[in-house]
Amino acid sequence: MRRLRVNIPEREYDILIGAELLRSAGALMREYTPAGRAFVVTDSNVAPLYARILCESLRAADCEASLSIVPPGEGSKSEAVLSGLYAQMLEAHITRGDVIVALGGGVVGDLAGYAAATLLRGIPFIQIPTTLLAQADSSVGGKVAINHPRGKNLIGAFHQPKLVLTDTDTLKTLPPREFACGMAEVIKHGAIADAGLFALLHENEFALTEIVEKNCTIKRHIVEQDELDTGGRMVLNFGHTFGHAIEAQGGFSRYNHGEAVAIGMVAAAGLGEKLGVTEPGTTDQLREVLTLHGLPALPDEAPEWPLMLSDKKRDGDTIRLVLLKTIGEAVLYPVAVNKLLEWLP
Ligand SMILES: NC(=O)c1ccc[n+]([C@@H]2O[C@H](COP(=O)([O-])OP(=O)(O)OC[C@H]3O[C@@H](n4cnc5c(N)ncnc54)[C@H](O)[C@@H]3O)[C@@H](O)[C@H]2O)c1
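Numbered by this note's numbering, the letters in the sequence shown go through residues 218 to 562 in order.
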């Protein structure tokens, strides 16, 4: 088992990464919380696979466990589902001495985390991520949110978990398209911060624990420098502004988030090369790695780039793009919106 520490003053926590950890989750958790009750939130795909193992291990560690199961998918990051969770927890007289446990992908992590951030002004919570995206990215950093009809993640908070417990064996049941979606964020991390990781992905021979550990290390360092996302953390948006246009054009259903980010990264690298910011050849390297991992590099139809202007990274007439200097190094690149649209095909 690997143990990484996230050093945010007064809110430090560990990320435990390994195979077969779920069975010992209760015992492992004991080092981090004395809670006598755990409210486990999961979705209806994950529940039949892993909820029993988790609840048994919690009970074996003298932690009473109750289960809330929400429908799978982005639709659960809603006010209605959140309100249902609040009701269940309040009915069970949850206190700030209890713990909320998110067992699932980024949807469950964001939803249960937001419930934990807000109910009774904050309840400790633990992330047990079960998708590659959640293990390599969303479970670390404390961003939690639900969606609003006007946009994704518009209602949220920063609420760091007490522990992230990552059992890489859970990825064995993940559908291939979901795995590839997580791979897009993994490739992004390599592209912005770790040329060594990127090279490993190019060879396509790696152990998942190693990949997850490298990704958590990157995310941890970025979050330690800029917990509240006002500066350096923004490099994590590489490919996302362009990807947003691709997702919006497809009505948020044709491409999943990872596929849109993949296309977005290629577009951002292409623009970077055109502007002389990005080392020539970088776009080709990105395209190769994405294709190797089953991700698209180009959209099916000509992109409607102006759709990216509804992205939340827009600041008045300026949009803060993330561009690569080279593989492993990103820069923030603010541009005037009208200039950007002139540059794009
Ligand atoms: N908080 C952050 O920092 C952050 C960062 C990136 C993304 N996100 C959010 O993450 C969400 C996407 O997360 P996701 O890609 O994990 O999606 P998800 O949570 O919807 O999971 C994808 C699908 O896989 C299923 N699943 C999960 N684990 C499984 C397993 N082990 N075996 C079989 N099926 C499994 C789920 O039921 C779901 O159908 C988005 O809402 C996004 O906004 C948050």
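Every residue gets a Cβ at the ideal spot worked out from N, C-alpha and C, and that includes glycine.
None of these values were measured; they are calculated from a predicted model.
Next item on the list: For the alpha helix (DSSP H) containing Tyr230, list its first residue and its last residue.
Entry: To locate residue 230, count along the sequence shown from 1; it is residue 13. DSSP places Tyr230 in no alpha helix (DSSP H) but in the uninterrupted beta strand (DSSP E) bounded by 230-235.
Check: Can you list the beta strand (DSSP E) stretches of 3 or more residues lying completely in the segment 334-364, in chain order?
Finding: Counting whole runs of 3 or more residues, the segment 334-364 contains the beta strand (DSSP E) stretches 342-346.
Margin query: At the level of alpha carbons, what is the spacing between Leu200 and His310?
Written below: Only positions 218 to 562 of the chain appear in this structure, which leaves residue 200 out of reach.
Note to self: Can you give me the C-alpha to C-alpha distance between Val324 and Met451, rounded to a whole angstrom?
What the structure shows: Position 107 of the sequence shown, counted from the start, is the residue given in the question as residue 324. Position 234 of the sequence shown, counted from the start, is the residue given in the question as residue 451. Answer to the nearest angstrom: the Cα atoms are 21 Å apart.
Checklist line | As assigned by DSSP and simplified to three states, the class of Val494 | finding: Position 277 of the sequence shown, counted from the first residue, corresponds to residue 494. In this structure, Val494 counts as coil in the three-state DSSP scheme.
Notebook entry, point to check: So which of Asp279, Ala264, Asn370, Val440 has the shortest CA-CA distance to Tyr230?
Noted result: Taking the sequence shown and counting its residues from 1, one reaches residue 230 at position 13. For Tyr230, the nearest C-alpha among the options comes from Val440.
Checklist line | Element boundaries [alpha helix (DSSP H), containing Ala244] | finding: Residue mapping note: residue 244 aligns to position 27 of the sequence shown, counting from 1. Residues 242-246.
Check: His510 and Ala401: beta carbons closer than 9 Å?
Finding: To locate residue 510, count along the sequence shown from 1; it is residue 293. To locate residue 401, count along the sequence shown from 1; it is residue 184. Cβ atoms of His510 and Ala401: closer than 9 Å.
Checklist line | Range of the contiguous beta strand (DSSP E) that encloses Leu380 | finding: Position 163 of the sequence shown, counted from the first residue, corresponds to residue 380. 380-384 is the span of the beta strand (DSSP E), which, as asked, contains Leu380.
Check: When the Cα of Ala486 is compared with those of Asn224, Val539, Gly292, which residue comes out closest?
Finding: One-based indexing of the sequence shown puts residue 486 at position 269. Its Cα nearest to that of Ala486, the residue Val539 stands out among Asn224, Val539, Gly292.
Check: Mind checking whether the beta-carbon of His510 lies closer than 8 Å to any heavy atom of ligand 2?
Finding: This structure lacks ligand 2; the ligands present are ligand 1.
Note to self: With a threshold of 8 Å on Cβ separation, who are the neighbours of Tyr249 within its own chain once the five nearest residues in sequence on each side are excluded?
What the structure shows: By 1-based counting over the sequence shown, the position of residue 249 is 32. Cβ neighbours of Tyr249 beyond the five flanking positions: Tyr230, Asp231, Ile343, Lys379, Leu380.
Check: Going by DSSP, which residues form a beta bridge with Leu538?
Finding: Along the sequence shown, one-based indexing puts residue 538 at 321. DSSP output for Leu538 lists Tyr550 as bridge partner(s).
Notebook entry, point to check: From Glu496 to Gln502, what distance separates their C-alpha atoms?
Noted result: On the sequence shown, position 279 is the one that residue 496 refers to. On the sequence shown, position 285 is the one that residue 502 refers to. Near 11 Å, if we compare the C-alpha coordinates of Gln502 and Glu496.
Next item on the list: Quick one: grab the DSSP three-state call for Thr543.
Entry: As a working note, residue 543 is residue 326 in the sequence shown. It is a strand residue.
Notebook entry, point to check: Using the C-alpha atoms, what's the distance from Gly407 back to Leu524?
Noted result: Within the sequence shown, numbered from 1, the residue matching residue 524 stands at position 307. Within the sequence shown, numbered from 1, the residue matching residue 407 stands at position 190. Roughly 27 Å between the two C-alpha positions.
Notebook entry, point to check: Which partner residues does Thr447 have in the DSSP bridge list?
Noted result: The residue given as residue 447 occupies position 230 in the sequence shown. Thr447 pairs with nothing; no bridge assigned.
Item checked: Start-to-end residues for the alpha helix (DSSP H) that takes in Asn432 -> Position 215 of the sequence shown, counted from the start, is the residue given in the question as residue 432. 425-442 is the extent of the alpha helix (DSSP H) around Asn432.
Check: On the premise that Leu388 lies in contact with Phe396, defined as a C-beta separation below 8 Å, what is that separation, rounded to the nearest angstrom?
Finding: By one-based count along the sequence shown, residue 396 stands at place 179. By one-based count along the sequence shown, residue 388 stands at place 171. About 7 Å separates the two Cβ atoms, so the contact holds.
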